[in-house]
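Start counting the sequence shown at 3; every next residue gets the next number (the numbering used here). Here is the structure we will look at.
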Amino acid sequence: MLFDGPISCSGVHITYFCHVWHQIKYYLAHRFKSIHLHGIHSPFIYAFNKDCLQQGSSLAVKDELLRFRESITSHPATLQITDHGAGSKKLNKSLRNTSQILKVNCSSHYRTQLLARIADYLNVENALELGTSLGVTAHALSLTSDITTVEASPAVLDYARQRWDDFKISNITSISSTFDVFLDKLDQKSQYDLVFIDGHHDGAATLDYFERLLPHLHDDSIVIVDDIYWSTGMTTAWKTLQNHPKVTACIDTFQWGLIFLRKEQRQQTFHVHV
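Shown next, in the form of structure tokens:
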């Protein structure tokens, strides 16, 4: 039979196929729903899409972000992974080399440019990242903002710190902790303009983090959730967040879900291709 090999091996192949099919299905739906500028009637979202999401980054920013990625490539290492999240679909070993982590777990060069543009456009002063990995997104946010980043795998965080030191970055506060412990200890007075959730791809956990972060957000804050179509659970969580009573506008870029809390905005989700 045509599928004797994969199906007879184990359920892993079937599970992976289901993940891939889930993403393909929602990607096609996303492209169908994606709207052009003329279809956006919210002035704020229109301007944000036109002047930020659809714009390119400056050559200086591109070069800086690329230099950081190249510093990882030029400093290869094998790291012990302590994974408290949903794990990786492609990397299941506890020992992983940095080239694999950069390729599979870190945001792409294009996505780090986008993140830096968002922080710059929204005048973000204080950012929080849940999930440091090798430090590429923290570096991107540090170009315009002070950032606190949390990573549960000590060896991975130590590696990221070395790269930041090489670049003489002084506005990143890095914390070795699980997200749960960090949020339990978070100072009630802490406020963030931007939160990037990229470390535990579990739907229930994502919803829990959002609820616990709400007291630390304000009307102009943005929450960015990575991999919203990573799994059925993450997609369900994304749909739940869109209907959360505190949430107004949402932007679905397929890879990321952007959440706004602006009270003057009516609740609506925009599907945008970036």
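Every residue, glycine too, gets a C-beta built ideally from N, C-alpha and C. If you're wondering where the values come from, they're calculated on a predicted model, not measured in any experiment.
- About 6 Å separates the Cβ atoms of H111 and L68, confirming a contact at the 8 Å cut-off.
- Taking V63 as the centre and dropping the five residues before and after it, the same chain places the C-beta of Q115, A118, L145 closer than 7 Å to its C-beta, in chain order.
- Across the structure, S233 and D200 are spaced so that their CA atoms are roughly 14 Å apart.
- In the DSSP assignment, W258 falls within the beta strand (DSSP E) that extends over 258 to 262.
- For L136, there is no enclosing beta strand (DSSP E), as DSSP marks it with neither H nor E.
- Contact between L243 and I261 holds: their C-beta atoms lie close to 6 Å from each other, under 8 Å.
- Contiguous alpha helix (DSSP H) elements confined to the segment 205 to 240 occur at 205 to 215, taking only those with 4 or more residues.
- Around the beta-carbon of C20, fewer than 16 other beta-carbon atoms lie within 10 Å, marking it exposed.
- I103 has its alpha-carbon roughly 39 Å from the corresponding atom of K265.
- Ranking V152, A129, D221, S155 by CA distance to the CA of L143 puts A129 first.
- In the structure shown, the three-state DSSP call for L67 is helix.
- Around the beta carbon of Q257, 16 or more other beta carbons lie within 10 angstroms, which makes this residue buried.
- Rounded to the nearest angstrom, the gap between the Cα atoms of R165 and E131 is 17 Å.
- Approximately 4 Å separates the beta-carbon atoms of L196 and V126; this is inside 8 Å, confirming the contact.
- When C-beta atoms of the segment 133 to 141 are compared with those of the segment 70 to 83, three or more pairs fall below 8 Å, so the two segments count as touching.
- Remark: C-beta atoms of I47 and F184 do not approach each other more closely than 9 Å.
- Exposed is the label assigned to I37, since fewer than 16 other Cβ atoms lie within 10 Å of its Cβ.
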